[in-house]
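Have a look at the structure below, then the notes.
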Amino acid sequence: MWLSDETLEVNFYFPANGILILPLPLPFSSPLSTGIIHQMKGDYETALKLHKTHLSIAQELTDYAAQGRAYGNMGNAYNALGAFDQAVRYHRQELQISMEVNDRASQASTHGNLAVAYQALGAHDRALQHYQNHLNIARELRDVQSEARALGNLGNFHCSRGEFPQAVPYYEQYLRLSPDLQDMESEGKVCHNLGYAHYCLGSYQDAIKYYEQDLALAKDLHDKLSQAKAYCNLGLAFKALGNFTKAEECQKYLLSLAQSLNNAQARFRALGNLGDIFVCKKDVTGAIQFYEQQLALAHQMKERRMEACAYASLGATYRLVQKYDKSLGYHTQELEVYQELGDVPGECKAHGHLAAVYMALGKYAMAFKSYEEQLELGRRLKDPGIEAQVYGNMGITKMNVGVMEEAIGYLEQQLATLQQLSGNEAVLDRGRAYGNLGDCYEALGDFEEAIKYYDQYLSVAQSLNRMQDQEKAYRGLGNGHRAMGNLQQSLVCFEKRLVVAHELGECGGKAQAYGELGALHSQLGNYEQAISCLERQLGIARDTQDRPLEGDASCGLGVVYQSMGEYETALRCHQSDLEIAEETGSPARQGRAYGNLGLTYESLGNYERAVVFQEQHLSVAAQTNDLAAKTLAYGSLGRTHHALQNYSQAVMYLQEGEWWGWGIEGRMGYSYIYIYILYNNNTVLHRVHRL
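The numbering of the sequence shown is our numbering, which starts it at 152 and goes up by one.
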């Protein structure tokens, strides 16, 4: 993609102090002009020598204005060389002189150059103040050109910090000045940056509007490279909206322009973006073909970094289709290339990719080791963004192995590290960390603490208008309140979750929301509402041909009918759940169905059949090492054998159930266990709470 590469057009410009206009004393006009020429050619060392000569002559003649210009040009040269502390030193001297001679135009441009240098040094507060001073003076002078530069740089400043809501108004003000500027090239860059800012804010329609303006300007200028960039970014925005046809069309225009320009890098990007679109279309075969073309092009160009990028895309795609051996192979090659190149940021990413594959395989120890290596590299890079992300992933890894206390520690480290970062992305990451902490405390049975974190997660999601995160937060709040017995509050949360799920229009989310709402209505005794919700879930499952989801809905309906005493209907539902579980090869769902069939036969008084199904339930639980399911099966077998007057067997099963229950809860004296299933990062965690 092109978004990150050509987003920020930071203007390192020469001070607008009339160097080439004002009549200058003959003896030193030559070093001044020659210095500027060398600087424009990129020969900064020679330029510096000439600027110093210019300064010496100006000092001999006590020409303060000329001294100021010399200091400014030296500052610009040091800026171009990356010696920003030196740039600040000379620009401050320039500013002092321009204030003494009351040259407001020079003051404006010097504030701009100081801002650029301070920003490069990480002194963001000082940079912002100088950018603002530049804007204020330009407006005071009614200098439209200078005002436009200041507005553009203020937009770039906020954009570079991820502060997109603050960046947008500055870019918009620039565009209002553009008719007076008659600078189509700069106008195109600002349209590009506005498109990028809106893209990052999730305002994809607005992003498309500005990218289309950028494209139109590039066509007017007959600038094929800018057209290529605009098509690239338009395609990405259409992809984000789910308009894959338009997205593909734009990326094919990019590919065509790249070929006409003989620009291999642009061609590489186009192939990668087309691969990404085909992944979204679930055409994995097509995606792999594009990524393989990327890899072949990288080999042809002998570009090792591009090669690593193609390996990364192929690895990620094979992970999506659960071909983990191939995925590991490609990500291992990706890592090896980056290690050969000594590319630490690349190594860092590759370790993260390998960890993701190990997570998908359930090899959590190996995933954690990869994250540790990634964290070490992140620290070497002194990149708090990487560190925060890795702490979060380490926390999630610990959640998946059920070590919630350790998970909490890593998630708290993630939150602490995120305090060093600004911008909406960091705010969103904080919100998601709150959500994961809520999940941890819910797993530990501390529902009050869980609800506090879910509330914070919801607040962040609402402030950023992130609908998917709102949906997850409402789900957590609904589960937390239900576990505490606050069923009406839980109902409100689940209903709000359903509203958000409908706004998102994603079938899986709607189905889950209907399922949870149905289960809660059943718990409240609202059986008609429960059946209505679960039948909607079943309808979505059948429409989308999602067999596991169809089984879940059948299971839920069976539980409701069982509660209503309609045992024959319940049996049909649970039998359907079992058939789907056997068809899809899901041991956990098979165990669930066996258990529910056993409970229904127990309710019918058919204890012999109940025993048969509960023994199958216990067998599956033993095979999958599901402690909660074992406890439920032992308890049910104890009850049914008691009803059959097989007292010695009843005692044996109940004692076994009590022993396993001790292992789960850490205490005795309970009869029923409810199993909550948490979906977090596509990993199912089984968590057990005492009712």
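For glycine and all other residues, C-beta sits at the position ideal for the given N, C-alpha and C.
Range covered by the alpha helix (DSSP H) that runs through residue i
| i | result |
| --- | --- |
| LEU392 | Premise fails: LEU392 is in no alpha helix (DSSP H) and is neither H nor E. |
| HIS504 | 495-512 |
| SER521 | 515-531 |
| SER249 | 235-251 |
| GLU657 | Note, GLU657: premise wrong, no alpha helix (DSSP H); not H, not E. |
| ARG743 | 738-755 |
| SER573 | Per DSSP, SER573 belongs to no alpha helix (DSSP H) and is neither H nor E. |
| ALA268 | 255-271 |
| SER354 | Here SER354 belongs to no alpha helix (DSSP H), and DSSP marks it neither H nor E. |
| LEU471 | 455-471 |
| GLN296 | 295-311 |
| VAL488 | 475-492 |
| LEU286 | 275-292 |
| ASP331 | 315-332 |
| THR775 | 758-775 |
| ASN224 | 215-232 |
| LEU778 | 778-794 |
| ASN797 | ASN797 -> no alpha helix (DSSP H), and no H or E assigned at all. |
| GLY546 | 535-551 |
Cβ-based burial, residue i [other Cβ within 10 Å; buried from 16]
| i | result |
| --- | --- |
| THR568 | buried |
| LYS533 | exposed |
| ASP331 | exposed |
| GLY193 | exposed |
| ARG818 | Residue confidence is low: ARG818 scores 34 on pLDDT, short of 50, so the model does not pin down where it sits. Its coordinate-derived value is still stated next. Exposed is the call here. |
| TYR665 | buried |
| HIS768 | buried |
| TYR798 | exposed |
| ALA381 | buried |
| GLN244 | buried |
| LEU471 | exposed |
| ALA417 | buried |
| ASP728 | buried |
| GLN473 | exposed |
| VAL488 | buried |
| THR396 | exposed |
| GLY636 | exposed |
| LEU206 | buried |
| ASP703 | buried |
| GLY553 | exposed |
| THR695 | exposed |
| GLN445 | buried |
| LEU173 | Reliability of the predicted coordinates at LEU173 is poor, the pLDDT of 27 falling under 50, and no value is obtained from them. |
| ASN833 | Legend: pLDDT at ASN833 = 32, less than 50; position of this residue unreliable, no value from coordinates given. |
CB contact below 8 Å: residue i versus chain B
| i | result |
| --- | --- |
| GLN445 | Absent from the structure is chain B; it holds one protein chain and no more. |
Whole-angstrom C-beta distance between residue j and residue i, which should lie under 8 Å
| i | j | result |
| --- | --- | --- |
| HIS725 | THR751 | 6 Å |
| ALA278 | GLN270 | 4 Å |
| ILE682 | LEU708 | 7 Å |
| MET510 | ALA501 | Going by Cβ atoms, the distance from MET510 to ALA501 rounds to 15 Å, so no, they are not a contact pair. |
| GLY226 | TYR241 | 4 Å |
| LEU305 | LEU286 | 7 Å |
| LYS390 | CYS431 | 6 Å |
| VAL319 | ALA348 | 5 Å |
| TYR362 | ASN384 | 5 Å |
| GLY128 | TYR608 | For the chain, the structure presents residues 152 to 842; residue 128 sits outside this window and is missing. |
| LEU412 | LYS375 | 6 Å |
| LEU722 | TYR758 | Not really, about 15 Å apart at Cβ, beyond 8 Å. |
| LEU272 | PHE308 | The Cβ separation is near 13 Å, so there is no contact. |
| VAL295 | ALA268 | At roughly 25 Å, the Cβ-Cβ gap does not stay under 8 Å, so VAL295 and ALA268 are not in contact. |
| ALA784 | ALA772 | 6 Å |
| ALA467 | GLU458 | At roughly 15 Å, the Cβ-Cβ gap does not stay under 8 Å, so ALA467 and GLU458 are not in contact. |
| LEU579 | ARG617 | 6 Å |
Sequence ranges, alpha helix (DSSP H) only - wholly within the region 664-717, length at least 4:
678-694, 698-714
Alpha helix (DSSP H) runs wholly inside the region 373-449, at least 4 long, in chain order:
375-391, 395-411, 415-431
Segments assigned beta strand (DSSP E), at least 3 residues, entirely inside the region 569-647
none
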